[in-house]
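In terms of our numbering, the sequence shown opens at residue 1 and continues consecutively. Structure, as structure tokens:
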Amino acid sequence: MPAMVAYRIRAFPDFIKRLEEKKKPKKVIIAALMRKLAVIAYHVHKKGGDYDPSRYKSA
Numbered sequence: 001m002p003a004m005v006a007y008r009i010r011a012f013p014d015f016i017k018r019l020e021e022k023k024k025p026k027k028v029i030i031a032a033l034m035r036k037l038a039v040i041a042y043h044v045h046k047k048g049g050d051y052d053p054s055r056y057k058s059a
């Protein structure tokens, strides 16, 4: 669900645009967003810090 919301509101516009330009299907883009969100959540939890949106803006 979080990945679908991130796709719909364009939370990572550069990332989504890059995948759409490569003609990736919507489900593949959502799966990539799922992984991206999981990696971000893991690193935020591991470091015990706060989420910094500017760090992941263009990644």
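By construction, the Cβ of each residue, glycine as well, lies at the ideal position given by its N, Cα and C atoms.
A straight-line Cα-Cα distance of about 8 Å links residue 13 and residue 57. Going by C-alpha positions, residue 6 is about 10 Å away from residue 16.
Judged by beta-carbon spacing, residue 4 lies beyond the 8 Å limit of residue 40, meaning their Cβ atoms are not closer than that value.
Residue 8 and residue 2 have their C-alpha atoms spaced approximately 10 Å apart. Residue 11 is not a Cβ neighbour of residue 19, given a cutoff of 8 Å.
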